[in-house]
Amino acid sequence: MWSMSSQQLFLKSLRGMKLVNLLHLLCHVTVFTIAPLKSMLIFTIARICLVYFRTCNLKNTFNEKNIESYTCALPIYLAKLNKQYIIISMQTKIKTSIIVNLIKTITLTLFSFLTFPWVCRILTDSQLGVYSWCVSFVYYFLILARISIPNIAVRECVKVKDDPNKLSMKAQEFFILQAILTISSFILLTIITLTVPIFRSNSDYIPLIFILSINFLSGVFSFEWVFEALEKHIYLSIRSIIITAIIDILIFVFVRYPSHIEIYASINVLLTVLTVASNLIYLPKLVKFKKTEKYNFKQYFPTLFTLFIISFLVAVYDKTDTFILGIIDPSKASVGSYAVGIKAIEIVIGVITALGTVFMPRAVKYYENDLVKYQNLNKYSANIGLIIVIPLIAIFTGLAKPITSLICGNYANNLYKDADKVLIILCSLMVTYSLSHIIYTQILIPSKKEKYYMLAMGAGFILNIGFSLLFGLVLFRSSPAFGVALGTSLVDFIVLVFLIIFTHKYSIKMIFNINNLKILIAGIAIGLLTYFVSPLLISTFNNLMPIQYNYLLVLIIMTLIDGIIYLLSLFIAKEKLIRSIVHK
Numbered sequence: 001m002w003s004m005s006s007q008q009l010f011l012k013s014l015r016g017m018k019l020v021n022l023l024h025l026l027c028h029v030t031v032f033t034i035a036p037l038k039s040m041l042i043f044t045i046a047r048i049c050l051v052y053f054r055t056c057n058l059k060n061t062f063n064e065k066n067i068e069s070y071t072c073a074l075p076i077y078l079a080k081l082n083k084q085y086i087i088i089s090m091q092t093k094i095k096t097s098i099i100v101n102l103i104k105t106i107t108l109t110l111f112s113f114l115t116f117p118w119v120c121r122i123l124t125d126s127q128l129g130v131y132s133w134c135v136s137f138v139y140y141f142l143i144l145a146r147i148s149i150p151n152i153a154v155r156e157c158v159k160v161k162d163d164p165n166k167l168s169m170k171a172q173e174f175f176i177l178q179a180i181l182t183i184s185s186f187i188l189l190t191i192i193t194l195t196v197p198i199f200r201s202n203s204d205y206i207p208l209i210f211i212l213s214i215n216f217l218s219g220v221f222s223f224e225w226v227f228e229a230l231e232k233h234i235y236l237s238i239r240s241i242i243i244t245a246i247i248d249i250l251i252f253v254f255v256r257y258p259s260h261i262e263i264y265a266s267i268n269v270l271l272t273v274l275t276v277a278s279n280l281i282y283l284p285k286l287v288k289f290k291k292t293e294k295y296n297f298k299q300y301f302p303t304l305f306t307l308f309i310i311s312f313l314v315a316v317y318d319k320t321d322t323f324i325l326g327i328i329d330p331s332k333a334s335v336g337s338y339a340v341g342i343k344a345i346e347i348v349i350g351v352i353t354a355l356g357t358v359f360m361p362r363a364v365k366y367y368e369n370d371l372v373k374y375q376n377l378n379k380y381s382a383n384i385g386l387i388i389v390i391p392l393i394a395i396f397t398g399l400a401k402p403i404t405s406l407i408c409g410n411y412a413n414n415l416y417k418d419a420d421k422v423l424i425i426l427c428s429l430m431v432t433y434s435l436s437h438i439i440y441t442q443i444l445i446p447s448k449k450e451k452y453y454m455l456a457m458g459a460g461f462i463l464n465i466g467f468s469l470l471f472g473l474v475l476f477r478s479s480p481a482f483g484v485a486l487g488t489s490l491v492d493f494i495v496l497v498f499l500i501i502f503t504h505k506y507s508i509k510m511i512f513n514i515n516n517l518k519i520l521i522a523g524i525a526i527g528l529l530t531y532f533v534s535p536l537l538i539s540t541f542n543n544l545m546p547i548q549y550n551y552l553l554v555l556i557i558m559t560l561i562d563g564i565i566y567l568l569s570l571f572i573a574k575e576k577l578i579r580s581i582v583h584k
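If you read the sequence shown in this note's numbering, its first letter stands for residue 1, the second for the next number, and so on.
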């Protein structure tokens, strides 16, 4: 706030003023503070009034003392007032964006939990395994087509978002780059698919792969990074919810038999196509596609080379587990079990990475202008991430069998074997992967030190191949899904440690602090409670109702109990985020 001396001086100058002088002062305040509101009508009226007052030479109506007081105190008072307004406005905008993204992600999560169990039951583990394996194969070429252009595009567009001409030029440059890379990637995919023996011997894979490849071919026109840079989170959320609802309805209507795997793939591709169509309708309001100056692609080449390596390593690192598991198990049934086990994990990770779209533009801005705000923002984002994932780890590990059974419908048969064990082992990814993503998007990208992430992904890629083969093919040959999950979990932990070491200046304080320790202790408490109480509840209800209703009831009861105890514990421990919400 402003100092008492300047405030008192200003208020003292108000006393004794005539009504016309107060109106004059009001116009000054209006002109000075209305700019952030961008209300041109009010701004124009205030300026016209000021011209009138100046022509009346109203300074002569002030005595010398009041003129001096007014002149000295008003700028200080208004500057403090304006600064306070901007701070409050920015904080409100960040919190609004977070809330909007959480609503979107939670809604999409509910949609996913409605359709995925249906798909698991219809396709069975082998067909779902084929679909998941083809998705992982196409994903490599999707990453090669993007080479992290969306990340660097967000960073560059944030810098020029207040200049429409420069923003439009950036959008054109990144679109051209991504179009060239997408076409090249699709040509490479076509060559490999039509020539590699594994695809020729499994001809059913080829149509599925080409259907899925439409995802990244149409994705070049999405311009999602423009909307993220301009923080159009409300639009992105409403669009995603509406389109996902349409897609889910289509899945229930048209996916009816195991042979409908290509129909399922086509409907999922339609999600991307509708997203692109919606974005292209809105995009002309944000950027123009008229060339106003010479394109400068060379400025991106050094960074893009690093990001190309990173993108390749991230792709193989993220999908190596599924790809290797598909090679180890020709039936692809283990891939289906792995897909069920990791499904809930991917949803939670999706929540955290969705929040990253809110924080990354701010992190880029604060890193260049205000390191104190930058560090606070990183702590805040890590705080939100951990407060979400820690209790979910406790619930998922204690209720892994009911959760995976409800997802895939496996209550009494041998389908989706080891899915519950995969879920338990991979729960750690919710912490390790989420924190690694925060470090990458909020520390390494703003500081232009992406090479450390490249080194981490390179090491992770090599270790993931070695550990997946060791645990899946040798040590746990009878349960390859469990072995690959264990190897993936260990590698992800090693990658996080590597990133923390290279970014210790910011990441240590962001992760290791008293506030996060409170979250961890509360999470351990409800984890122990779930582990010991849930089996008792399951055995109690076992003779009262069918197993599926038993699992569902226990899941609801334990989630409610754990949630109440968790939030109450954090409130008593004075955890910052919970206390701030309660006080408001």
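In this text, a Cβ means the ideal position worked out from N, Cα and C, and glycines have one as well.
Burial state of residue i (16 or more Cβ within 10 Å)
i    : result
K563 : In the sequence on display, residue 563 carries Gly and not Lys. Its Cβ having fewer than 16 others within 10 Å, G563 is exposed.
A277 : exposed
M430 : buried
E293 : exposed
N550 : buried
P391 : buried
Y374 : buried
I211 : buried
D321 : buried
E368 : exposed
N63  : With a pLDDT of 44 at N63, under the threshold of 50, the modelled position of this residue cannot be trusted, and the question is left open.
K291 : exposed
K574 : exposed
Close beta carbons around residue i, own chain, < 8 Å, minus the five adjacent residues each side
i    : result
Q178 : A145, R146, I149, V220
R271 : Here the sequence assigns Leu to residue 271, which means Arg is not the residue at that position. Result list for L271: I243, T244, I247, in chain order.
Euclidean distance between Cα positions of residue i and residue j
i    : j    : result
N515 : L560 : 23 Å
A522 : G350 : 23 Å
Y257 : W118 : 11 Å
N151 : T540 : 51 Å
S468 : S132 : 17 Å
I324 : A419 : 17 Å
F571 : A456 : 37 Å
S337 : E346 : 14 Å
I106 : D204 : 35 Å
L568 : K576 : 13 Å
G460 : T441 : 18 Å
A344 : L128 : 16 Å
A481 : K319 : 14 Å
R579 : G466 : 45 Å
P284 : F532 : 57 Å
I508 : I310 : 23 Å
T306 : E450 : 7 Å
K640 : A394 : With the chain represented from 1 up to 584, any question about residue 640 goes unanswered, as that position is not in the structure.
I631 : T124 : Residue coverage of the chain in this structure runs from 1 to 584, which leaves residue 631 outside it and unanswerable.
Beta-carbon spacing of residue i, residue j below 8 Å
i    : j    : result
I122 : V255 : yes
N378 : I443 : yes
A400 : L423 : yes
Y433 : D492 : yes
C120 : C408 : yes
I251 : I267 : yes
F111 : D248 : yes
I143 : V314 : yes
T195 : I209 : no
I403 : L537 : no
V141 : F216 : First, the amino acid is wrong: residue 141 is Phe here, not Val. Yes, the pair counts as a contact, with Cβ atoms nearer than the cut-off.
L426 : S489 : yes
M360 : V154 : yes
V138 : S218 : no
L230 : K288 : no
S237 : V358 : no
I241 : L108 : yes
A261 : V130 : The sequence shown places Ile at residue 261, not Ala. Yes, these two residues count as a Cβ contact at 8 Å.
M510 : A382 : yes
Y199 : I191 : Just to set this straight, residue 199 is Phe in the shown sequence, not Tyr. For F199 and I191, no; Cβs fall outside 8 Å.
Close beta carbons around residue i, own chain, < 6 Å, minus the five adjacent residues each side
i    : result
T353 : H437
R239 : S278
Y566 : P391, A522, I526
Beta-carbon proximity list for residue i, same chain, < 7 Å, skipping 5 on both sides
i    : result
G483 : F471, G472, L475, F476
L114 : D248
N542 : N550
**Asked** Does the count of Cβ pairs from the region 526–546 and the region 458–478 closer than 8 Å reach three?
**Response** no
**Item:** Three CB pairs or more closer than 8 Å across the region 221–237 and the region 167–181
**Value:** yes
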